[in-house]
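Colleague: The structure follows.
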Amino acid sequence: MTTVGSLTRAQLGEHLAGPGIHLRTGRFTTLLRSPIASVADGIHLLYGDYPLREGFADFHLDLVRPVTLRRWLRPQVTLLYDGRSMFKPLPLDQAFPMFEWGLNWCVSSRANRYLIVHAAVVEKAGRAVILPAPPGSGKSTLCAALVGRGGWRLLSDELTLLRLDDGMLHPLPRPISLKNASIGVIREYVPGSVMSRAVTDTVKGTVAHLRAPADSVARAGEAALPAWVVFPRFEAGAAVTAEPMPRADTFMQLAQNCFNYSLLGAEGFTALADLVERSQGYRFRYGVLDEALAFFDSLP
Amino acid sequence: MASTWRLVPGQALLHRGWDGAFVLYNDLSGDTHLLSEEAMALLLALRDGDVTPEELAALELAELLATLRRLDLIEPC
Numbered sequence: 001m002t003t004v005g006s007l008t009r010a011q012l013g014e015h016l017a018g019p020g021i022h023l024r025t026g027r028f029t030t031l032l033r034s035p036i037a038s039v040a041d042g043i044h045l046l047y048g049d050y051p052l053r054e055g056f057a058d059f060h061l062d063l064v065r066p067v068t069l070r071r072w073l074r075p076q077v078t079l080l081y082d083g084r085s086m087f088k089p090l091p092l093d094q095a096f097p098m099f100e101w102g103l104n105w106c107v108s109s110r111a112n113r114y115l116i117v118h119a120a121v122v123e124k125a126g127r128a129v130i131l132p133a134p135p136g137s138g139k140s141t142l143c144a145a146l147v148g149r150g151g152w153r154l155l156s157d158e159l160t161l162l163r164l165d166d167g168m169l170h171p172l173p174r175p176i177s178l179k180n181a182s183i184g185v186i187r188e189y190v191p192g193s194v195m196s197r198a199v200t201d202t203v204k205g206t207v208a209h210l211r212a213p214a215d216s217v218a219r220a221g222e223a224a225l226p227a228w229v230v231f232p233r234f235e236a237g238a239a240v241t242a243e244p245m246p247r248a249d250t251f252m253q254l255a256q257n258c259f260n261y262s263l264l265g266a267e268g269f270t271a272l273a274d275l276v277e278r279s280q281g282y283r284f285r286y287g288v289l290d291e292a293l294a295f296f297d298s299l300p
Numbered sequence: 301m302a303s304t305w306r307l308v309p310g311q312a313l314l315h316r317g318w319d320g321a322f323v324l325y326n327d328l329s330g331d332t333h334l335l336s337e338e339a340m341a342l343l344l345a346l347r348d349g350d351v352t353p354e355e356l357a358a359l360e361l362a363e364l365l366a367t368l369r370r371l372d373l374i375e376p377c
């Protein structure tokens with residue numbers, strides 16, 4: 001099997017600037033083209049373990065510099081989906097984060113064979129914890145710590161894919177998006193962590209992406225059984241508290257975090273109800289990563 | 301307030317309950333509602349014709365009926 005890592009940085013750049021690469025992430029293949037050096041840098045650094053495939057692609061993405069007068073004054077990048085511009089251009093420096101955000105958009109708006117929850121999801125011994133949370137709750141920091149030091153497998157940092165036919169969680173391991181202070185926190189907390197260059201002044205502040213563990217990427221075909229739903233909230237210095245949630249509340253909060261719950265209608269309701277029935281929900285507060293990891297290891 | 305009520309036609313009352321709280325999918329609006337045990341029992345009774353006009357006219361039910369109507373789950377008949 002050919003992987004991104006089998007190409008040198010120069011070869012990868014040539015492919016991206018020319019015919020593109022068929023990048024396999026989980027069960028999705030993206031035909032990605034871009035002549036922009038920072039995109040090739042990011043792919044080379046973070047996607048070395050991912051397979052390259054030929055043939056069909058689920059998504060066709062191009063990251064290009066728009067041809068406008070502004071390009072001389074303030075260089076920009078545009079993301080094209082199926083050749084069409086769907087998003088506002090961003091400063092050129094944000095080209096690699098734009099790829100990550102664009103691919104998230106592709107999955108969350110197109111993969112309707114799954115119920116998709118805006119949540120991180122990690123697994124140990126076949127059982128998965130879903131971590132839904134709004135921005136700023138410390139979800140990605142916690143996810144990075146769990147997979148970087150806690151021995152959990154990364155299914156996804158951002159998109160929990162619930163299979164409608166059997167209720168299993170389908171992995172989509174990709175780089176973990178870290179923001180602002182959590183970049184430094186994880187760099188110190190996870191030894192040997194590999195991160196993309198921090199990009200400042202994005203809509204999310206400063207962002208950097210953490211490479212997914214190779215084992216998680218290799219096991220991208222291995223689904224997991226949902227067992228817990230943990231709504232995290234980071235509070236500096238706070239002691240760990242974990243308050244069990246009534247199932248009906250867990251259901252309602254999960255539904256609010258779904259991308260396509262309404263679209264799936266009764267089918268989405270049933271899938272989510274089945275998930276809630278087999279999972280225990282918690283409101284979880286943490287201030288220290290070591291203590292948070294100890295809680296996850298104590299889950300019954 | 302009307303004294304006889306029925307489910308809005310088309311409601312299948314797809315629901316799931318745990319520990320006395322229920323979630324219900326509204327087939328017509330696409331909304332999901334969090335309901336008490338009493339509300340769910342009333343909806344099921346209306347579906348099954350298991351409640352009399354006299355019972356529905358009881359003052360204690362007025363607020364609950366008004367809430368279920370606002371959620372487009374029931375209508376007067």
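These protein sequence lines are chains A and B, in that order. Reading the first sequence from the start, the letters are residues 1 to 300 in our numbering. Reading the second sequence from the start, the letters are residues 301 to 377 in our numbering. Note that beta-carbon positions come from the ideal geometry of N, C-alpha and C, so glycine has one too.
1) Apart from the five residues just before and just after A:VAL107, which ones in its own chain have a Cβ nearer than 6 angstroms to its Cβ?
2) Does DSSP classify A:CYS106 as helix, strand or coil?
3) Give me, in chain order, the residues of the same chain whose beta-carbon lies closer than 8 angstroms to that of A:VAL147; leave out the 5 immediate sequence neighbours on both sides.
4) For A:PRO300, count neighbouring Cβ atoms within 10 angstroms of its own Cβ and tell me buried if that reaches 16, exposed if not.
5) Mind checking A:GLY13: buried by the 16 CB within 10 Å criterion, or exposed?
6) Determine, using beta carbons only, whether A:GLY26 and A:LEU172 come nearer to each other than 8 angstroms.
7) Taking Cβ-Cβ distances shorter than 8 angstroms, what residues in chain B pair up with A:MET252?
8) Checking contacts by CB at 8 angstroms: is A:GLY265 closer than that to chain B?
9) For A:LYS139 versus A:PRO232, is the C-beta spacing smaller than 8 angstroms?
10) Can you confirm whether B:ASP319, when its beta carbon is compared against all beta carbons of chain C, has any partner nearer than 8 angstroms?
11) Do three or more CB pairs link the segment 345-352 of chain B to the segment 315-334 of chain B at distances below 8 angstroms?
12) Which runs of the alpha helix (DSSP H) at least 4 residues long sit entirely within the segment 57-128 of chain A? Give them in chain order.
13) Using only the alpha-carbon positions, how far apart do A:TYR114 and A:LEU264 sit?
14) Is the segment 271-281 of chain A touching the segment 93-101 of chain A in the sense that three or more CB pairs, one from each, lie closer than 8 angstroms?
15) Going along the chain, which residues of its own chain have a beta-carbon closer than 8 angstroms to the beta-carbon of A:PHE295, five neighbours each way excluded?
16) I want to know whether the segment 81-96 of chain A touches the segment 219-238 of chain A - three or more CB-CB distances under 8 angstroms.
17) When the Cα atoms are used, what is the spatial distance from A:GLN256 to A:GLY167?
18) Determine the closest residue to B:LEU361 out of B:GLY310, B:GLU338, B:GLU375, with distance taken between C-alpha atoms.
19) What does A:PHE231 pair with, by DSSP beta-bridge criteria?
20) Under 6 angstroms Cβ to Cβ from A:GLY42, same chain only, skipping five residues before and after it: list those, please.
21) A:ALA40: which of A:GLU54, A:PHE28, A:PHE56, A:VAL64 sits nearest, CA to CA?
22) Provide the residue span of the alpha helix (DSSP H) that contains A:ASP290, from first to last.
23) Under 9 angstroms between beta-carbons, which chain A residues line up against B:ASP327? List them in chain order, please.
24) Comparing C-alpha positions only, which one of A:ALA218, A:ALA144, A:GLY20 sits nearest to A:LEU289?
25) Could you check what DSSP says for A:GLU243 in three-state terms: helix, strand or coil?
26) At which residues does the alpha helix (DSSP H) containing A:ALA343 begin and terminate?
27) Classify A:CYS258 as buried or exposed, calling it buried when 16 or more other Cβ atoms lie within 10 Å of its own Cβ.
28) Can you tell me where the beta strand (DSSP E) holding A:LEU45 begins and where it ends?
29) Using a 10 Å radius around the Cβ and a threshold of 16 neighbouring Cβ atoms, would you call B:PRO309 buried or exposed?
30) In the DSSP assignment, what residue or residues form a beta bridge with A:THR29?
31) Who pairs with A:ILE183 in a beta bridge, going by DSSP?
32) By DSSP, does A:LEU254 sit in helix, in strand, or in coil?
33) Note down, in chain order, every chain B residue with its Cβ under 8 angstroms from the Cβ of A:PRO246.
34) Going by DSSP in three states, A:GLY5 sits in which element: helix, strand or coil?
35) Give me the chain B residues within the contact set of A:PHE269, using Cβ-Cβ distance strictly less than 7 angstroms, ordered along the chain.
Modeller: Short version:
1) Result list for A:VAL107: LEU159, in chain order.
2) Helix at A:CYS106.
3) So the list reads VAL122, ARG153, LEU154, ILE176, ALA212, PRO213, SER216, once near-sequence residues are dropped.
4) Answer is exposed; the Cβ neighbour count stays below 16.
5) Per the 10 Å Cβ criterion, buried.
6) In contact: A:GLY26 and A:LEU172 (Cβ atoms closer than 8 angstroms).
7) Simply VAL323, THR332, LEU334.
8) At least one CB of chain B lies nearer than 8 angstroms to the CB of A:GLY265.
9) For A:LYS139 and A:PRO232, yes; Cβs fall inside 8 angstroms.
10) In summary, chain C is missing from the structure at hand, where the protein chains are A and B.
11) No, the segment 345-352 of chain B does not touch the segment 315-334 of chain B.
12) Restricting attention to alpha helix (DSSP H) runs no shorter than 4 residues, the segment 57-128 of chain A encloses them at 70-73, 95-110, ordered along the chain.
13) Approximately 9 angstroms, taken between the alpha carbons.
14) No: the two stretches stay apart, fewer than three of their Cβ pairs being nearer than 8 angstroms.
15) Residues of the same chain with a CB within less than 8 angstroms of the CB of A:PHE295, apart from the 5 flanking positions on each side, are VAL240, ALA242, PHE284, TYR286 in chain order.
16) Segments in contact, no.
17) Here the alpha carbons of A:GLY167 and A:GLN256 stand approximately 19 angstroms from one another.
18) Checking every option, the nearest Cα to that of B:LEU361 belongs to B:GLU338.
19) In the DSSP output, where bridge partners are listed per residue, A:PHE231 has A:ARG283.
20) Excluding sequence positions up to five before and after A:GLY42, its CB lies within less than 6 angstroms of the CB of PHE96, SER196, all in the same chain and listed in chain order.
21) Nearest to A:ALA40 by alpha-carbon distance, out of A:GLU54, A:PHE28, A:PHE56, A:VAL64, is A:VAL64.
22) Note, A:ASP290: alpha helix (DSSP H), 289-297.
23) Those are GLY265, ALA266, listed as they occur along chain A.
24) Answer by Cα proximity: A:ALA144.
25) Strand at A:GLU243.
26) The shown model of chain A, from 1 to 300, leaves out residue 343 of chain A, and the question about it has no answer.
27) By the neighbour-count criterion, in which 16 or more other beta carbons inside 10 Å mark a residue as buried, A:CYS258 falls on the buried side.
28) Per DSSP, A:LEU45 lies in no beta strand (DSSP E); the unbroken alpha helix (DSSP H) holding it starts and ends at 37-46.
29) Exposed, because fewer than 16 other Cβ atoms sit within 10 Å of the Cβ of B:PRO309.
30) Paired residue(s): A:ARG24.
31) DSSP output for A:ILE183 lists no bridge partner at all.
32) Residue state, collapsed to three classes: helix.
33) TRP318, ASP319, ALA321, listed in chain order.
34) Taken through DSSP and simplified to helix, strand or coil, A:GLY5 comes out as helix.
35) Near A:PHE269 (Cβ distances below 7 angstroms), the residues of chain B are LEU314, TYR325, THR332.
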